[in-house]
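Below: the structure, in structure tokens.
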Ligand code: ARG
């Protein structure tokens, strides 16, 4: 239940206008407050305190109101009834379903074939997954795309490198037989990952090699039998190693891995649509779509549809990918999640979609996230100056978590340690504002104290252990709520609102920070309100255990939305 929304709606109904409901930081004078009387006084031709008095009369009979009072120039403070809170608390974990469920395509991850995942793929994967889970929990039909980079210049590089290593292989011969059996040709996944960087490095100094790789890309796209047969060998190997990392991150498997190559199949119909609208313009041997508008006050370059080699570049494949989604999912929304450096690309793309009448502007969203930096404030790199591999980053956090656990004198099995490390990594990533950069520090994020994933898991493990030790308990026959209990219930009743707000404002940090705030309040409650001590009477004990149980439910759901599991012990 979304308590805030419930109370807002009840108030608005009783008053006949929209009163802005506030949640005061200090709840000494009320659980909620509103300045409605002050806002409405003028138009009502009354003084604010007089109007506040009338409002008080109208709301004092509402089911949730314990008491309401006027403060200062006309603020209205409202206390909520304990019985009402108590009954509502039991529904805290329920998520209100969207009144307008949508079909939402989500494009995140978007890994590149034969280029292993690096730290730049971390936020898109983690945050994309959480948005996916949030949308799904609210009743939207979410469809995730790992829009694979499996078609562009990197494919030419990889194939050119393989040719350099094995020039005698059949894929490179003129008499290549497309119906032959090539099952004997395979690659070691780790070695495959080195091909692209090696080729890209060589291309910097070797013009002829670069030229050759570019020709290979164009030929691959034109259907060259040998190159395509080779592609079909290394692509699944690469996909399997991507999926291993996806599994390590415990993100929901992608609904599909259709990327650039699939999109390119729709070049013809999209080209026709563009030509019918006269949108393709010749430019230096290439063909482009002009997306500039008179109102632009920044550079807005044209979108390349065919380059001078006749290949369809990255920009163009995204137009086809949108077309594909339109004719298959017909989504109400498409959400892309990439590094913010791709913002211009998506702005251009969305303009093309509008020009084609494919999607209205507000159906397409790009979320550009910030960079993950090292202690020096520059993009996080390995010692050799390369972008850190995502598997290495995960291992780094696992080893930091292992150190922390050793320091604390605990012994935990490997699975638990990996669980804790994952919580450290994901919680940290999620707790930052998505659009901002942050500094990645494995030692800090694995701490058991402070705003960290391990702290949250630890709180959950402790609550579970209280419930286990308590065994069976019954509902209390009457309730008696103190400040700590009320504070906790208020937070529990903010879960549903948080889910909605996080999804609707695409702000996954709200979920992570909610988990932290909830843990803080649970821990204060647990500290001040003993449960299993002998001197606690059974009514009080039942009441507190009931609360712990609700808190565990809500916390488990919150963690689940982040793709995190609670260990059995910690
Ligand atoms: N593969 C691209 C990269 O690693 C990201 C693709 C994002 N999605 C898209 N539809 N363009 O940079």
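Residue numbers (the numbering used here): 11 to 580.
Note that beta-carbon positions come from the ideal geometry of N, C-alpha and C, so glycine has one too.
Selection 366, 153 and 276 evaluated against residue 264 yields 153 as nearest (Cα-Cα). Between the C-alpha atoms of residue 148 and residue 570 there is a straight-line separation of about 14 Å. Residue state for residue 228 is assigned as helix, using DSSP reduced to three classes. In the DSSP assignment, residue 496 forms no beta bridge with any residue. Near ligand 1, residues with a Cβ at less than 6 Å from any of the ligand's heavy atoms are 117, 120, 122, 157, 159, 328, 331, 346 and 348; the list follows chain order. With 16 or more neighbouring CB atoms inside 10 Å of its own CB, residue 358 falls in the buried class.
With contacts defined by Cβ atoms closer than 7 Å, residue 365 and residue 344 do not form a contacting pair. One thing to note: residue 163 has its Cβ no nearer than 7 Å to the Cβ of residue 204. Residue pairing by DSSP places residue 458 opposite no residue, since no beta bridge is assigned to it. If you draw a straight line from the Cα of residue 135 to the Cα of residue 45, it comes to about 42 Å. In this structure residue 133 is in contact with residue 379, their Cβ atoms being roughly 5 Å apart against a cut-off of 8 Å. The C-beta of residue 189 has fewer than 16 other C-beta atoms within 10 Å across all chains shown, which makes the residue exposed. Listed as beta-bridge partners of residue 125 by DSSP are 122.
Here residue 315 is buried: its Cβ has 16 or more other Cβ atoms, across all protein chains shown, within 10 Å.
If you draw a straight line from the Cα of residue 156 to the Cα of residue 122, it comes to about 10 Å. Residue 532 is positioned such that its CB atom lies no closer than 7 Å to that of residue 511.
Spatial neighbours of residue 81 in its own chain (CB-CB distance under 7 Å, excluding positions within 5 residues in sequence) are listed in chain order as 39 and 87.
Looking only at 516, 394 and 413, the smallest Cα-Cα distance to residue 442 is reached by 516. The segment 147-224 contains, as complete alpha helix (DSSP H) runs of 4+ residues, the segments 163-175 and 199-215 (chain order). Looking at 270, 90, 221 and 199, the one whose alpha-carbon comes closest to that of residue 254 is 199. Annotation for residue 532: the continuous alpha helix (DSSP H) segment containing it runs 519-538. Per DSSP, residue 112 lies in no alpha helix (DSSP H) and is assigned neither H nor E.
Excluding its 5 nearest sequence neighbours in each direction, residue 298 has C-beta neighbours in its own chain below 7 Å: 291, 312, 313, 314 and 315, listed in chain order. In the DSSP annotation of this structure, the continuous segment of the beta strand (DSSP E) that includes residue 347 starts and ends at 343-349. Under DSSP, the beta-bridge partners assigned to residue 399 are 128.
Three or more beta-carbon pairs separated by less than 8 Å link the segment 496-509 to the segment 522-538, which places the two stretches in contact.
Here residue 434 carries a helix assignment [DSSP, helix/strand/coil]. Residue 539 sits away from residue 504, with the two beta carbons spaced by 7 Å or more.
Nearest Cα to residue 338 within the set 554, 392, 352 and 276: 276.
The bridge partners DSSP lists for residue 14 come to none.
The alpha-carbon separation between residue 93 and residue 546 amounts to approximately 21 Å.
In this structure, the beta-carbon distance from residue 145 to residue 114 falls below 7 Å. Judged by beta-carbon spacing, residue 346 lies beyond the 7 Å limit of residue 97, meaning their Cβ atoms are not closer than that value. Inter-segment contact for the segment 468-483 and the segment 439-454 is absent: fewer than three beta-carbon pairs are separated by less than 8 Å.
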